[in-house]
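Heads up: the sequence shown at position 4 corresponds to 170 in our numbering, and the numbers run straight through without jumps.
By construction, the Cβ of each residue, glycine as well, lies at the ideal position given by its N, Cα and C atoms.
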Amino acid sequence: MRKKFLCSILMLQIIFLAGCSVENTEKETGGEKVSSAEESKSEDSPAVREIFAMDTYMTVTAYGEKAETAAEQAQERIQELDAELSTGEEDSEIYQLNKTGSAILSDDAAYLYERSMEINQETDGAFQPFIYPIMELWGFTSQNYQVPKKKVIKEKLLLMDISQVSYDQKTREIAFLKEDMKIDFGGIAKGYASDEVVRIFGENGVSSGMISLGGNVWAMGRKTDGSLWRVAIQNPEESEDYLGVLEIENKAVITSGGYERYFEQDGKRYHHIIDPSTGYPAENGLTSVTIISEDGTLADALSTSLYVMGLEKAVAWWRGHSSDFDVVLLTDQGQLYVTEGIASSFSSDFDVEIIEK
Ligand code: AMP
Ligand code: MG
167 MRKKFLCSIL MLQIIFLAGC SVENTEKETG GEKVSSAEES KSEDSPAVRE
217 IFAMDTYMTV TAYGEKAETA AEQAQERIQE LDAELSTGEE DSEIYQLNKT
267 GSAILSDDAA YLYERSMEIN QETDGAFQPF IYPIMELWGF TSQNYQVPKK
317 KVIKEKLLLM DISQVSYDQK TREIAFLKED MKIDFGGIAK GYASDEVVRI
367 FGENGVSSGM ISLGGNVWAM GRKTDGSLWR VAIQNPEESE DYLGVLEIEN
417 KAVITSGGYE RYFEQDGKRY HHIIDPSTGY PAENGLTSVT IISEDGTLAD
467 ALSTSLYVMG LEKAVAWWRG HSSDFDVVLL TDQGQLYVTE GIASSFSSDF
517 DVEIIEK
């Protein structure tokens with residue numbers, strides 16, 4: 167019989183809304199909430215913050231003398247990024263940019279824009295930050311879900327024309343040259359937020375920490391007993407089961423799956439990862455993609471991109487960039503694949519095929 171998570175309802179919400187999770191998180195953190203600086207003086211007692219931001223439940227856990235300060239700063243930084251990058255909050259930088267079509271980007275937005283465009287080019291458009299009008303059309307931004315008419319999708323696809331953006335890297339001035347173009351960092355922002363938490367932890371001397379932002383995990387250092395972090399990848403077919411467990415240190419583990427956000431109409435499921443070449447939810451044979459990398463921003467963008475690409479293209483893309491990341495893929499036929507770089511760190515009750523360079 168396959169192992170199951172034994173978690174409290176709260177942990178289930180935090181863990182299983184996510185694409186991947188820290189196995190026995192309660193054990194790792196002692197299930198305790200450290201609420202004051204006093205209590206975090208011991209090396210072994212963690213500072214923990216539970217945050218709802220970027221539409222998801224997040225938990226940051228830090229060990230070390232300055233763990234409380236680190237966790238506090240991490241929470242503030244996550245909230246700052248949420249306030250800047252939200253597509254739905256009227257005060258946010260991105261909301262205003264999408265409304266007016268021009269802006270001078272902040273450091274964070276400029277960084278995400280530049281990386282998004284780089285990854286857009288490298289993935290041949292599979293990663294598409296100008297996807298927002300399509301997200302709106304399907305109702306993913308308002309929860310007024312609908313299957314749009316083909317003709318309307320076609321029209322909206324024209325708004326993803328990156329040649330219609332002027333951007334000056336020096337001044338960070340951006341302008342959308344076509345009316346109604348809108349940007350969305352939903353496929354990359356949580357990975358960046360996790361990298362930012364890692365940076366803050368490092369600045370505060372934290373050498374052991376766990377950052378879990380929805381489907382995005384960043385396992386910093388090792389556990390305080392010296393063992394590796396164990397990160398479980400959710401089974402998309404069964405929310406309380408998992409595909410396997412990764413034993414890792416100093417890596418982001420980021421999952422994209424259609425099961426994370428979707429609606430159903432006439433017995434068909436429509437999910438939130440859009441194939442920019444069609445404007446429809448990507449149906450290219452993959453149901454879960456997990457990227458393992460030291461670069462959380464890259465891992466987040468690639469989990470979305472490789473999901474869109476489908477198995478064959480995703481494998482070819484990994485072969486061209488295998489020094490930057492590893493990947494765990496699940497097909498809609500139930501076949502699990504892992505790339506050779508993490509094969510020995512991954513244990514699973516499923517049959518696993520190893521992808522070689
Ligand atoms: P993730 O969960 O990281 O795969 O990101 C999914 C989110 O990214 C969606 O909710 C959209 O906000 C956005 N998105 C959807 N499709 C794409 C795409 N092809 N490229 C970039 N972002 C996307
Ligand atoms: Mg992503």
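Discussion item. Are there any heavy atoms of the ligand AMP lying less than 6 angstroms away from the beta-carbon of Q294, as far as the coordinates show?
Written reply: If you check the C-beta of Q294 against the ligand AMP, you find a heavy atom less than 6 angstroms away.
Item to complete: May I ask you to report which of helix, strand or coil DSSP gives G196?
Response: For G196, the pLDDT reaches just 31, beneath the cut-off of 50, and the residue's location in the model is therefore unreliable, although a value from the coordinates is still provided. Here G196 sits in coil by DSSP.
Worksheet item: Does the distance from the C-beta atom of G353 to that of T470 stay below 7 angstroms?
Response: Contact: yes.
Item to complete: Identify every residue that forms a DSSP beta bridge with N382.
Response: In DSSP, N382 forms a bridge with L379, I420.
Practice prompt. Find out if the Cβ-Cβ distance for the pair A213, E234 is shorter than 7 angstroms.
Written response: Going by C-beta atoms, A213 is nearer than 7 angstroms to E234.
Discussion item. Can you tell me whether D221 sits near the ligand AMP, meaning its C-beta is under 6 angstroms from at least one heavy atom of the ligand?
Written reply: Relative to the ligand AMP, even the nearest heavy atom lies 6 angstroms or more away from the CB of D221.
Worksheet item: Whole beta strand (DSSP E) runs in the segment 261-288 with 3 or more residues, listed along the chain?
Response: Fully enclosed beta strand (DSSP E) runs of 3 or longer: 268-270.
Worksheet entry | Status (buried if at least 16 other CB within 10 Å, exposed otherwise) for R396 | With 16 or more other Cβ atoms within 10 Å, it is buried.
Discussion item. So if DSSP puts F429 in a beta bridge, which residue, or which two residues, is it bridged to?
Written reply: As a beta-bridge residue in DSSP terms, F429 pairs with Y436.
Worksheet item: For T222, which of helix, strand or coil comes out of DSSP?
Response: T222: strand per DSSP, three-state reduction.
Worksheet item: Is any heavy atom in the ligand MG found nearer than 6 angstroms to the beta carbon of T470?
Response: Within 6 angstroms of the C-beta of T470 there is at least one heavy atom belonging to the ligand MG.
Item to complete: Can you grab the Cα-Cα spacing for the pair F516 / A509, in whole Å?
Response: Each residue's alpha carbon lies about 13 angstroms from the other.
Worksheet item: Given a threshold of 16 other Cβ atoms within 10 Å of its Cβ, counted over all protein chains shown, does G197 qualify as buried or as exposed?
Response: Confidence at G197 is low in this model, with a pLDDT of 30, below 50, so the placement of that residue is unreliable and no value is reported for it.
Worksheet entry | Under the three-state DSSP convention, the category P299 falls into | In the three-state reduction of the DSSP assignment, P299 falls in the helix class, which pools H, G and I.
Worksheet item: Apart from the five residues on each side of it in sequence, which residues of its chain come closer than 8 angstroms, Cβ to Cβ, to S513?
Response: Answer for S513: G410, V411, E413, listed in chain order.
Worksheet entry | For G305 and Q294, believed in contact at Cβ under 8 angstroms, the rounded distance | Actually they are not in contact, since the Cβ atoms of Q294 and G305 sit about 19 angstroms apart, beyond 8 angstroms.
Worksheet entry | alpha helix (DSSP H) runs contained entirely in the segment 331-417, provided each spans 4 or more residues | Listed in chain order, they are 355-369.
Discussion item. Assess contact between the segment 479-486 and the segment 371-380, defined as three or more Cβ pairs (one per stretch) separated by less than 8 angstroms. Is contact present?
Written reply: For the pair of segments examined, the segment 479-486 was found not to touch the segment 371-380: the number of CB pairs separated by less than 8 angstroms stays below three.
Worksheet item: Among E426, G451, G371, which one has its Cα closest to the Cα of G230?
Response: Minimum Cα distance to G230 is reached at G371.
Discussion item. Buried or exposed for D391, going by 16 or more other Cβ atoms inside 10 Å?
Written reply: D391 comes out exposed.
Practice prompt. Below 6 angstroms CB to CB, which residues in the same chain sit around N264 once its five sequence neighbours on both sides are set aside?
Written response: Excluding residues within five positions, the ones whose Cβ falls inside 6 angstroms are K348.
Worksheet item: According to DSSP, which residues form a beta bridge with E216?
Response: Answer is T225.
Worksheet item: Just checking my contact of E506 with E522 at CB under 8 angstroms: how many whole Å lie between their CB atoms?
Response: Yes, they are in contact, since the Cβ atoms of E506 and E522 sit about 5 angstroms apart, within 8 angstroms.
Discussion item. Tell me the rounded alpha-carbon separation between E449 and S332.
Written reply: Linking E449 to S332 through their CA atoms gives a straight-line distance of about 32 angstroms.
Worksheet entry | Simplified DSSP assignment, three categories, for E519 | In the structure shown, E519 sits in a strand (DSSP, three-state: E or B).
Worksheet item: Exposed or buried, which one is N310 when buried takes at least 16 other CB atoms within 10 Å?
Response: Classification of N310: exposed, given that the 10 Å Cβ count is below 16.
Worksheet item: Any chance the segment 489-504 sits against the segment 451-461, with 3 or more Cβ pairs inside 8 angstroms?
Response: The segment 489-504 is in contact with the segment 451-461.
Worksheet item: Taking the runs of the beta strand (DSSP E) that are 3 residues or longer, which of them lie wholly in the segment 438-505?
Response: Listed in chain order, the complete beta strand (DSSP E) runs (minimum 3 residues) inside the segment 438-505 are 452-459, 492-497, 502-505.
Discussion item. Tell me which residues share the same chain as S511 and place their Cβ nearer than 7 angstroms to its Cβ, disregarding the 5 neighbours each side in the sequence.
Written reply: The residues are L412, E413, I414.
Item to complete: Confirm the yes/no value for this check: CB of P442, any heavy atom of the ligand AMP, distance under 6 angstroms.
Response: P442: yes, Cβ under 6 angstroms from the ligand AMP.
Worksheet entry | Beta carbon of G375 nearer than 7 angstroms to that of F367 | Yes. Within cutoff.
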